[in-house]
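Some notes on the structure that comes next.
Numbering (the UniProt record's numbering), first residue to last: 1 to 738.
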């Protein structure tokens, strides 16, 4: 067994790493806000312009909720006052400020920032955005147009810092046997030897879902039998959340109390929605990102308004709302101060009444659900739970996972995730100083064994924030604490073969109803073409002049929701993407069933300009952002093509795993095999063995025309290029099938 983790040293290291990450995030945000105009930030999805206050009310905890909609002056007559597309999400920290002009100087911007207020986004609708203000006496700017701008989220860091600081000070007498296991200072209790014996009660479980496969049932029995910790490893498409729902129902049958968490609102809401169909009594803390009725009806916000105990706070809430409305009507400074004083007293009374209401609701619930960060709120401090379950654990920082573990009392932990997909995004690792070290880490990791690399208990790299609790526990205790789900319900068998062989020790099996399905078998009419009958297509641009290039802000700013800054793009490769999409659409595949993913934002911006208008339903996304998603057809644009054979993001096996496991029926990879071969040679045998190959000389004959089109936009040149590609592609497909 590996050396136990020294808890104070671990906590101190986490605090240092968290501070570096927060500084990286603050630095990036401050640089964006100070050096870009409001219009540029809005294009990047980081701001919403031309707003004004629609209403103000009192929310949970007595906080002021401001509703902002489009200023009527910017809405054309007869048009809906819908807010333009943006990247502001529930839970984001935002500033609500007077909107600066495009020519405003830094000193003017700073003055407007100081006069503005900060808050957390509570709800996002098409016609308005609701923000919960941080300060009770905050005065929202009024008079001109307002804007919302996304700020660095230091609230989550504060809670993680509080948690790690508390852990750092833990004495031996405070360590429970459960916590000792989590730090390798004790071994997990051995499982019963008769777990698979028909006489064992766990073997005779009555399943709520009879469709569960053998690996899912085994994982559930294992998690039920484990005393301290259990890891459920769910590769892409294997029904991980489906398995968790059955596990929760089985634990409830045992009269246990559960705290269920995830790193994001979406991961938690997904579980709430599925549990709701089983009529489970539960409370969802926080504010759901997807306000579906089945989720909303279980949220604490609604329950404190609709439960019997809610009547205790309704009269105070109404009085506070009346006071809020009167503030907006008066311009007299003395009157405003008087109202604020009265509001402060009302808030105190409101909080006291509400606390009793909340304690009754939360304390009486057998299942409480919250984000990892939300589990550290005052609602749960000191509460006792039998089991803490964390979904998407491989996407969560370890410090996040310790928030529920340290602020509530629990004796068992179940983590569900896939450590062979992408870890949390760490901005401090992308600094110039970190990139060289990270590349060396990647090379080291690729030399390790395949699926068992973490099971041996020998970490191959220095710990960073990318090392999750799932990773660390697997390194500490090895495969005995883990069970893997092995039947996948998403991909055609040939698409599945690469991740199964390279990362999952060849253990994945495609369910019968997915293993042979193709685009031509979609439930609507699709022509039987060479593309729709092929699950895998590789367009190899090696040998052709398809060079990558580095983009500047001008390109990156062209697509909403993307960060500004330099990135890589490949124009001729984007043209091939457009052609392949066109082929699929022409065959009858619906645009909404197609996704194009790429590792680079600049390529994403380029593709958006080429595809969005022509095919409005198509989905475009970064590889990282598409984790957890799926589509019938997915086209992967790898972008990199250079003499040095630098692959960048593609050198990370887990990123390739995510990119190539999104499709159900059709995967098309476009890239330069010569560039890919240096750092990711493991993918080439798979591509050449299974995928129809586009010959290099075919690309070479068409490249001049495609290149001319990219540079000049001449319709004739693109027509000639595409005709060449299509004519010779059809002739060579059978010859180059290996």
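Note that beta-carbon positions come from the ideal geometry of N, C-alpha and C, so glycine has one too.
A quick note: this is a predicted structure, and the numbers were derived from the prediction, not measured.
Below 8 angstroms between beta carbons: does that hold for residue 368 and residue 282? Here residue 368 refers to the residue found at position 368 when the chain shown is read from its first residue. Here residue 282 refers to the residue found at position 282 when the chain shown is read from its first residue. Yes; because the gap between Cβ atoms is below 8 angstroms, this pair is in contact.
Between the alpha carbons of residue 28 and residue 515, how many angstroms are there, rounded? Within the chain shown, the letter at position 28 stands for residue 28. Within the chain shown, the letter at position 515 stands for residue 515. Their backbone Cα atoms lie some 45 angstroms apart in a straight line.
Tell me whether residue 352 is buried or exposed, calling it buried when 16 or more other Cβ atoms sit within 10 Å of its Cβ. Numbered from its first residue, the chain shown carries residue 352 at position 352. Looking at its Cβ environment, which holds fewer than 16 other Cβ atoms inside 10 Å, residue 352 is exposed.
Reference residue 83; option with closest CA among 526, 148, 21: As a position in the chain shown, residue 83 is number 83, starting the count at 1. Minimum Cα distance to residue 83 is reached at 148.
Just the C-alpha distance for residue 286 and residue 383, rounded to the nearest angstrom, thanks. Taking the chain shown and counting its residues from 1, one reaches residue 286 at position 286. Taking the chain shown and counting its residues from 1, one reaches residue 383 at position 383. If you take the alpha carbons of residue 286 and residue 383, they lie about 17 angstroms apart.
Report the residue ranges of all beta strand (DSSP E) runs contained in full by the segment 329–363; include only those spanning at least 3 residues, in chain order. none
Under the three-state reduction of DSSP, which class applies to residue 664: helix, strand or coil? What you label residue 664 is simply residue 664 of the chain shown in a count that begins at 1. Strand at residue 664.
Taking DSSP as the reference, what is the three-state secondary structure of residue 631? Within the chain shown, the letter at position 631 stands for residue 631. In this structure, residue 631 counts as strand in the three-state DSSP scheme.
Just to confirm the assignment, what range does the beta strand (DSSP E) spanning residue 89 have? As a first step, residue 89 is located in the chain shown; it is residue number 89 there, counting from the start. That residue, residue 89, is in no beta strand (DSSP E); it is neither H nor E in DSSP.
Could you give the residue range of the beta strand (DSSP E) that holds residue 52? Counting from one through the chain shown, the residue named residue 52 turns up at place 52. Looking at the DSSP string, the run of the beta strand (DSSP E) that includes residue 52 is 47–58.
Taking 8 angstroms as the cut-off, does the segment 351–365 touch the segment 230–245 (at least 3 CB pairs, one atom from each stretch)? no
Measuring only the C-alpha atoms, how far is residue 270 from residue 336? What you label residue 270 is simply residue 270 of the chain shown in a count that begins at 1. What you label residue 336 is simply residue 336 of the chain shown in a count that begins at 1. Each residue's Cα considered, the two are about 43 angstroms apart.
Per DSSP, which one or two residues make a beta bridge with residue 487? Residue mapping note: residue 487 aligns to position 487 of the chain shown, counting from 1. Per DSSP, 509.
Going by DSSP, which residues form a beta bridge with residue 261? Translated into positions along the chain shown, residue 261 becomes position 261. In DSSP, residue 261 forms a bridge with 370, 390.
Quick one: what does DSSP say residue 538 is sitting in, helix, strand or coil? Here residue 538 is taken as the residue at index 538 of the chain shown, counted from 1. Strand, per DSSP.
What are the uninterrupted segments assigned as alpha helix (DSSP H) that are 4 or more residues long and contained completely in the segment 19–49, given in chain order? 38–43
Expressed to the nearest angstrom, what Euclidean distance is found between the alpha-carbon atoms of residue 598 and residue 526? Against the chain shown, residue 598 aligns to sequence position 598. Against the chain shown, residue 526 aligns to sequence position 526. The alpha-carbon atoms of residue 598 and residue 526 are separated by roughly 26 angstroms.
To the nearest whole angstrom, what separates the beta carbons of residue 211 and residue 487, a pair I think is in contact under 8 angstroms? Here residue 211 corresponds to residue number 211 of the chain shown, with the count starting at 1. Here residue 487 corresponds to residue number 487 of the chain shown, with the count starting at 1. With a Cβ gap of about 11 angstroms, residue 211 and residue 487 do not count as contacting.
Buried or exposed (CB count within 10 angstroms, at least 16 for buried), residue 203: The residue given as residue 203 occupies position 203 in the chain shown. It counts as exposed.
Can the beta-carbon of residue 675 be found closer than 8 angstroms to that of residue 658? Locating residue 675 in the chain shown gives position 675, counting from the first residue. Locating residue 658 in the chain shown gives position 658, counting from the first residue. No, they are not a contact pair.
Report the rounded CA-to-CA distance for residue 244 versus residue 250, giving the unit in angstroms. The residue you call residue 244 lines up with position 244 of the chain shown. The residue you call residue 250 lines up with position 250 of the chain shown. Roughly 10 angstroms between the two C-alpha positions.
Expressed to the nearest angstrom, what Euclidean distance is found between the alpha-carbon atoms of residue 458 and residue 542? Indexing the chain shown from 1 puts residue 458 at position 458. Indexing the chain shown from 1 puts residue 542 at position 542. Note that residue 458 has pLDDT 39, beneath the 50 cutoff, so the model's placement of it is unreliable and no number is given.
Counting beta carbon pairs with one atom in the segment 67–86 and one in the segment 121–132, are three or more of them shorter than 8 angstroms? yes
Residue 580 - containing alpha helix (DSSP H), residue span: The sequence position of residue 580 within the chain shown is 580, counting from 1. Per DSSP, residue 580 belongs to the alpha helix (DSSP H) from 571–586.
Leaving out five residues before and five after residue 227 in sequence, what residues of the same chain have Cβ atoms less than 6 angstroms from its Cβ? Here residue 227 refers to the residue found at position 227 of the chain shown. These residues qualify, in order along the chain: 189.
Would you say residue 665 reaches chain C, if we count a Cβ-Cβ gap shorter than 8 angstroms as a contact? The displayed structure is made up of one protein chain only, and chain C is not part of it.
Whole angstroms are fine: how far does the CA of residue 3 sit from the CA of residue 406? If you number the chain shown from 1, residue 406 lands on position 406. If you number the chain shown from 1, residue 3 lands on position 3. Going by the C-alpha atoms only, they are around 23 angstroms apart.
From this set, 328, 209, 381, 187, which residue's C-alpha is nearest residue 475's C-alpha? Within the chain shown, the letter at position 475 stands for residue 475. Closest by alpha carbon: 187.
Here's a check: name, in chain order, each residue in its chain whose Cβ is nearer than 6 angstroms to the Cβ of residue 274, leaving out the five neighbours to either side. By one-based count along the chain shown, residue 274 stands at place 274. Excluding residues within five positions, the ones whose Cβ falls inside 6 angstroms are 245.
List the DSSP bridge partners of residue 98. Within the chain shown, residue 98 is the residue found at index 98, counting from 1. BP columns for residue 98 point to 146.
Residue range of the beta strand (DSSP E) that residue 123 falls in? Residue numbering aside, residue 123 sits at position 123 when the chain shown is read from its first letter. Start and end: 117–124.
When you compare the CB positions of residue 423 and residue 392, do they come within less than 8 angstroms of one another, or not? As a working note, residue 423 is residue 423 in the chain shown. As a working note, residue 392 is residue 392 in the chain shown. Result no, Cβ atoms of residue 423 and residue 392 do not sit closer than 8 angstroms.
Take the Cβ of residue 8 as the centre, count every other Cβ of all protein chains shown within 10 Å, and call the residue buried at 16 or more, exposed below. Residue mapping note: residue 8 aligns to position 8 of the chain shown, counting from 1. Its Cβ having fewer than 16 others within 10 Å, residue 8 is exposed.
Roughly how many angstroms lie between the CA atoms of residue 76 and residue 490, to the nearest whole one? Sequence index remark: in the chain shown, residue 76 carries index 76 (1-based). Sequence index remark: in the chain shown, residue 490 carries index 490 (1-based). Using only the alpha carbons, I get a separation of about 45 angstroms.
Where does residue 97 land, buried or exposed, given buried means 16+ other C-beta within 10 angstroms? Translated into the one-based positions of the chain shown, residue 97 becomes position 97. Label assigned to residue 97: buried.
Residue environment, residue 278, which counts as buried when at least 16 other CB atoms sit within 10 Å: Residue mapping note: residue 278 aligns to position 278 of the chain shown, counting from 1. Residue 278 comes out exposed.
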